[in-house]
Structure formats: C-alpha cells, structure tokens
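Peer 1:
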Amino acid sequence: MIGSTEMILIFGVIVLLFGANKLPELARSMGKASGEFKRAQRETELEMRKLDEPIRQEAESISQNMQKLAKDLDTRTEGKVHE
-16 MIGSTEMILI FGVIVLLFGA NKLPELARSM GKASGEFKRA QRETELEMRK LDEPIRQEAE
44 SISQNMQKLA KDLDTRTEGK VHE
C-alpha cells in the first residue's frame, strides 16, 4: 500500500515533469481513459454472459435427457452428482 509520503513524492515528480499548468489536462485525460476502460470492461462482461447462456442451456438440456434416459433404462440415479 502506498503511504502519504510516497503519494506526496509521486505528486511532486509529476508536477516537475508536466508542470502545474498541465495537471488539470492530465487528470482529465486520465479520468476519460479510466471511464473508457470501465465501459469496455462492462461491455465485455455482457458479451461473455450472452455467450455463456446458450452453453448453460445446452448443459441443462443434456442433463435432463440423461436423467430421462436413466429413468427409461430403470437405472438408479440417487446420490449421483450431475452439474
């Protein structure tokens, strides 16, 4: 974890490198970049969920078919694990 002394030192180096006049512009661009990253992350998570749903449904369908087949074959399924 970064302490207050380190933060002050980092801030001082930034002021020396970029100058006090550039700090608001730098902060704005960092904020925009952070917002864009978060938006892209949310979109990616939504896409992953959309892709995962058909797979989950197919797995459920396969599980139901296997249970029906076991019942038709008069096979005991109690205590068996299925996911």
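For reference, each letter of the sequence shown is one residue, going -16 to 66 in the numbering used here.
Backbone N, C-alpha and C fix where the C-beta goes; we use that ideal spot for every residue, glycine too.
Bear in mind that the values here come from a model prediction, so they are computed numbers and not experimental data.
1) Between which residues of its own chain and residue -3 is the CB-CB distance below 8 Å, once the five residues before and five after are set aside?
2) How would you write the range of the alpha helix (DSSP H) that residue -15 sits in, first residue to last?
3) Looking at residue 60 and residue 50, is the spacing between their C-beta atoms short of 8 Å?
Peer 2: In short, the structure shows the following:
1) So the list reads 6 and 9, once near-sequence residues are dropped.
2) Taken as a continuous stretch (DSSP letters only), residue -15 belongs to no alpha helix (DSSP H), as it is neither H nor E.
3) Yes.
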